Structures are given as structure tokens and as C-alpha cells.
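Worksheet: one structure, shown below.
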Amino acid sequence: MSGKNKGLSKAREIYLNRSQRARELKAAGKKIIGYPCVYVPLEMLTALDLVPYQTCGDMKEPVTEADRALPHAFCPIMRNCLHCALKGKNDFLEGMVTIHSCDPQEKTARVWESYTKYPYFHFIDMPITVRPEAVEYFKGQLDDFRKTLEVFTGKKLSKDRLEVATKSHNRQRALVTELYELTKSSPPLISGTEIVQVVKALTSLPVAEGNDLLIETISEVKKRTAGPEKKSARLLIWSSTLDDTDIMQVFEAKANVVMNESCGGVRAYRGEVKLTADPLEGLADYYLNEITCARTFRQATLGETRKDYARDLQSRFGYLRGAIRDWRINGVIMLLVRYCDPFAFEMPSLKDYLNSIGIPSIYIEYDYTVGALAPMRTRVEAFIETISQQ
Amino acid sequence: MYFAGVDIGSTMTKVVLMDRAGNLLSFIKGPTGAEHRRLANEVMREALEKASLQIDDISYIVATGYGRLNVPFADCQITELSCHARGVSSLFPNARTAIDIGGQDAKSMKIDNGRLVNFVMNDKCAAGTGRFLEVTATTLAIKLGEMGAISLKATKKIQISNLCTIFAQQEVVALLSRGEKLENILAGLHDALTSRVAALARRLGIEPDLVLTGGVAKNIGMVEAMKQNLGCEIFVPEEPLLTGALGAAILAKETYVKAAAAGEALPTKSRRLEKATFFSQEYR
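Chains as they are written, first to last, in our numbering: chain A, 1010 to 1399; chain B, 18 to 301.
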């Protein structure tokens, strides 16, 4: 890395050339392991001196290569990720860890394994509920993951190593939370677009380097005098993945995005992993319980989904209420990627919840291409017009 | 003191000029084509000529529609949803729902107190839009403007099972080769298009009075099919293409008058009708 840039400009540089640092680290003898989804416990990779690297798509890419392996009516993000991988954009990877976070991830796991020739490959089976038995099962799956990692690296994944790594990742979570504190003011000190660049940079760097980037960025942003302009609305975006600045700029043309409730934003960085006697227990608990993706089935009381809808909604979406109040959010955009069933099925309930707490919302579907942005802009701006005149 | 609304749609560009009292001074419609910017200038020049005004006479200009970013002389951009809602409610004060079917999209709008309060739009797809009718007219070698009248002669309504524009074309060709009558096929097509748009509008809820606008509202067959499908009275403005530009002109007037009353000076753009620079620079 050039080393000249710091903080925000460094994040922008990494965002625009995400694999640069991974390639440098590979040249220096490090092993880079890809993962497609935030549910993979990165602590276990970091503990064994492996560098986690999130494999992403690129909205500007016409998806052609994925047609060899995946159907058309299928998650456009997974299609795009696989297209990029098959084009050789991730040719520096030493391995890949996939996980059954949703069906497209699971189906694509086989394809990754067959069509790419990385020396290491592992698939983690992840349960879909948060029952205690599910956490126990997931812990067992993480233990299997540990075994294949130990064989691959020839190193033992000791409790000490894992604790050190967990502390670093917890530090990253705390720093991202601190970064989001800077969007509480009006206007926010940092834009949603800038945060996308920072968070996407984090997913391409070793955790310690990511933490340094966050520390630099936070200190720079706290001191800055010329931040984002005040716009006519303060938005929360709820989505599976919003990790692209082109989409973020569509939202930020007329509004300030102060909360990005997606995998490209705050979702993977809330709370912290508990340091438990068996470290895998803390990891299993955190990843299954704390990450609030629509892929997980949640209910207020076990087996009582239909008894009290309002309470059920509160237990599923209550975490958004605090953010809406503290960040003074006056509109929510539910951004759905086409064919994303988990989020599509969660959307009507979320809409009910937002109605119940009096927050206007809009549902927008797109297909993860830049061609979708012009019609999206009209919908987004019309929504902002309806909420900002009130 | 004069105001202008410029609506650059995917197919047609419209301009409305208005005086302070809200009187319509002139309006112009023209095909949008590929050169949004040049056309915005020309259509504006034409509208000014018709009203015997100079561009400097216009106090405030609002641009709307898909090409709203491509109007270099516009002082502000407002989406076509807000503009249609405003335009419709100025013509029909009791309107609570407006359905606009344009060349590239269909939208349903909820109106309260003359303002847009909620809306739905179709997905990125030609099904349920004016393009669907355009493509069909071309396939059938008839004029777009004749479709409605022909369809009213139908003796039965052919069921068109596919709503995808491309597949519907194939279905139409198959029906023709089977010997089905043109008017019956057209009635079926209008019904298919209407049910698509009606389903969209029902997502939002339909509250009377209902107003239908956009180029598709000029098709009498569509208006009739919509009445049947929704089971309610439908109002159509005399110039259904103009409600967006009309709303833009009204919003221009209201914005300007409100700012003047508060003693604020509104930032305005250069009034020269010149060729535009790249739009990202002037769009904020």
C-alpha cells in the first residue's frame, strides 16, 4: 500500500482497488481466505494468521461468466460475485469459506468448490433458528471448521490465539460503532457514501490494519470542518447488502443516510463476541443471535409466533427503534435485491412494524446493476419529497 | 411574473407556462428522442414564443420527469410523482388517487390536500406501460391512436395470459394466425394491461376520485377497461400528458411565492437557452 493516504482518502483508495492489499500480503507470504457473507466467524481465520477477504460483486459488471453455473432467476449478488471470481478477480485466494446463511449461499458453495481451484475449501452449515439446540449445533459446526483449518495451516487453534483474535475483532466492532456515532449530528459528520468506503475497505484488510484505518478515520472525521451538507431527510436503509457508493449516492443526492442497516454497513458490527470458557460458544452465540439478517427465523416466544403479532414484531425489529430515535431518522428505505426471498418475506412485517411506530417507509427492488439506478432515483426522491414536506 | 414546468418523460417532453394567477399561457408537447437537452431548449423556446414571452420573464422553472436533470435552465428538480399529484389535484380538487401510465412506467399516487402522500411504481419492465401498447401497435401494423377505438368494436375479449411484453407479442401473433379478430385481441390486450396496473394501484389502495393520466389515458379502450376492472368512475383530463408539466409549473409558482412572502431570495439558474454541460455538475 502506498502509505501516503490516511483515513478517509485511504478508505476511498482501498474501496476503488480492493484487492491491492491482499495481493501485497500474498506476495509477502500470507494466505488470503475468501468468504462471501458476514456470517463466517473471521476470528477463527485471524487466529491462525490467515487474512479474511470478503468476495464481492461489482454492479458495473455485465454478468456473463456466472451463466455457466447458475440460473438466471437467482440472487443477482451471488451471480455477480461468482462472475467476478470466475473472471479471475480473486485469483490471489488460497481458500474459500462458505456458509449456509441463505439458500443461494448454500447452492453456490458447490459451484465455488467445483469451478475454482483454491487449495482450501470449507462449508459451514448454519441453523436457521436461534433455539438453544441450534446454537449448540452451530458450535459443533464451528468445531468442524476448526479441524479443517488446523489441517490446512498445520497450526493448532488454541484458546489463547482465538481470544486474542476475538478481542481484535471486538475492537473493530466497537470502532465501527464509534464511527456511526458521528452520523448522529445534523448534518452528519460523515456521509453514508464515505462509510460504505470504510466498511468495504475493512472487509479486504487484516483486522489490525482495519482497526488502524478506523482510528485514523474517526480522528479525521471528528476534526473535519467541511463534512456532508444537511439534506432534507435523515434515512435508514434496511437491506441485505448495500456496499456500493453508486447506490448510496442515489440516496444521498437529496437525503443524509445516517444508518446503513445492511452487510455493507452496521449489521456485522453490533455488540461483541463474549469471551467464553469454550471460545467457540461465544462465537456461535454471537453469529447466530446478534447478527440481525432476515435469513434467521426469530419469534418473540418459542413456538408462539402468531399469539401476539405486535410483540413478535417488537422482538424482531425492536433494535431498529433505538436507532430511529437516537439518529433522528425520518424515513426508512427497504432496499430489496431481486429474488432475495429472506428479505422479501421479512419486508411486510417490517413495514407493519414501522407503521406501528409511525415511521414512513418505502420498498424498492433492484437487480444489482447500475442500470437500475435511474428508476431507483425517481422513487427515492419522490419518497424524500413526501416525507420532507411534513 | 411567470412560471414554467418542464416535464421530460421517456417518450414525450412537455412544457407548461403559467402566470401568477395560475392561468395557463401556453403548453407544448414533443417527442423526447435521444437529445434531452437540446430538445428541452427547443420546446421551451416554442412555448415562450406561443405565449409571447422571453426566457428572462420566467421567475422560476421546475423540471420533472426522467430527464429532469437535463434541463440546464431549470431552477430546481422535483420528481414527476409530486408534480403529477399537484397537477391532477389542481384540475380535479376531489382527486385522491391518480394513476399515470407513461411510456416507460406506470405509477399510482395517493393525494391528500393537493399533495403526494404515497405512491407505487411498476418494476423495471415494460409490462403495464405505454411501451407495451407501442410495441403491440407496431406488431399489428396499426396506429397507436387507433387502438382504443378499434378495441371498442370487440364482440368478445380474448384472454392474454402473458403479461411480459415480449411474450405477449408472441401470443398476439399466435392468436392472429389462429384467426382471432383484431378488435377482440386488442380488447384482451387492454384488459391484460389494465389488470397489471390495477394490481399495482390496489397495493396502495384506491380512493375516489380516481384520475387517469399519461399518454395511455388517450386510449379510450384503456379507459373503458380500467373502469370495468376497478369498478369506479374514472376522470381523464383534457390533456392527460400535461399533468406533470402543469404540476411542475404550479410547484414553481408556489415555491417562488412562498419564498417571496418569507423575504427569501431563491437561487436561480442562468436563463440563457444554451447547450448544457454534463449534468452531474448542475444537479444537486
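Cβ coordinates follow ideal geometry from the N, Cα and C atoms, glycine included. Here the structure is a predicted model, which is why all the values come from computation and not from measurement.
When secondary structure is reduced to three states using DSSP, ASN1265(A) falls in the strand class. Residue state for LEU41(B) is assigned as strand, using DSSP reduced to three classes. Leaving aside the five residues that flank ARG1032(A) on each side, the residues in its chain whose CB is nearer than 7 Å to its CB run, in chain order, PHE1101. Ranking LEU108(B), ASP117(B), GLN121(B), LEU150(B) by CA distance to the CA of GLY131(B) puts LEU108(B) first.
Taking a C-beta cut-off of 8 Å against chain B, none of the residues of the region 1236-1254 of chain A qualify.
At a cut-off of 8 Å, the C-beta of LEU258(B) has no neighbouring C-beta in chain A. Using a Cβ-Cβ distance cut-off of 8 Å, the region 258-272 of chain B and the region 182-202 of chain B are not in contact, since fewer than three pairs of beta carbons, one from each stretch, lie closer than that value. Within the same chain, ALA80, ARG85 come within 6 Å of GLN94(B) by CB-CB distance, once the 5 residues on both sides are set aside. Here ARG1347(A) carries a coil assignment [DSSP, helix/strand/coil]. In this structure, ILE251(B) sits away from GLY165(B), with a CB-CB distance that is not shorter than 8 Å. Contact between the region 1176-1191 of chain A and the region 1277-1294 of chain A is present: three or more C-beta pairs spanning the two stretches fall below 8 Å. For the pair GLY1038(A) and ASN1099(A), the CB atoms are not nearer than the 8 Å cut-off. Linking GLU1218(A) to SER1370(A) through their CA atoms gives a straight-line distance of about 37 Å.
About 13 Å separates the CB atoms of THR285(B) and TYR19(B); that is not less than 8 Å, and the two are not in contact. For THR1395(A), the chain B residues whose Cβ falls inside 7 Å of its Cβ are LEU133, VAL134, ASN135, in order along the chain. Here the region 104-121 of chain B makes contact with the region 23-41 of chain B; the two share three or more CB pairs at distances below 8 Å. Excluding sequence positions up to five before and after THR272(B), its CB lies within less than 8 Å of the CB of TYR77, VAL79, CYS93, LEU283, all in the same chain and listed in chain order.
Counting of Cβ neighbours within 10 angstroms places THR230(B) among the buried residues, the total reaching 16 or more. Buried is the label assigned to ARG1027(A), since at least 16 other Cβ atoms lie within 10 Å of its Cβ. In the assembly as shown, ILE183(B) is an exposed residue. Its beta-carbon has fewer than 16 other beta-carbons within 10 Å. DSSP places MET35(B) within a strand segment (E or B) once states are collapsed to three.
CYS1065(A) and CYS1272(A) have their C-alpha atoms some 11 Å from each other. For GLU63(B), the CB contacts under 6 Å within the same chain, skipping 5 residues up- and downstream, are ILE45 in chain order. Listed by position along chain B, the residues whose Cβ is nearer than 9 Å to that of THR1162(A) form an empty set, because the closest Cβ is around 46 Å away. Around the beta carbon of ASN111(B), a 10 Å sphere encloses fewer than 16 other beta carbons of the protein chains shown; the residue is thus reported as exposed. ILE75(B) is bridged by DSSP to TYR19(B). Counting C-beta pairs closer than 8 Å gives three or more between the region 1145-1158 of chain A and the region 1284-1293 of chain A, which meets the contact rule.
Closer than 7 Å at the C-beta level to chain A, one finds no residue of the region 269-290 of chain B.
Distance from the Cα of THR1055(A) is smallest, within the candidate group GLN1029(A), LEU1166(A), VAL1120(A), for LEU1166(A).
Across the structure, GLY1274(A) and VAL1047(A) are spaced so that their CA atoms are roughly 11 Å apart.
Neighbourhood of GLU97(B) in chain A, by CB distance below 9 Å: THR1387, ALA1391, in chain order. Per DSSP, reduced to three states, the secondary structure at TYR1189(A) is helical. Under the DSSP assignment, HIS1131(A) falls in the beta strand (DSSP E) whose first and last residues are 1129-1133. If you draw a straight line from the Cα of ASN1265(A) to the Cα of ASN1339(A), it is about 10 Å long. Between CYS1302(A) and CYS1084(A), the beta carbon gap of about 14 Å keeps them out of contact (Cβ cut-off 8 Å). Within a 10 Å sphere around the beta-carbon of GLN187(B) sit fewer than 16 other beta-carbons, which makes this residue exposed.
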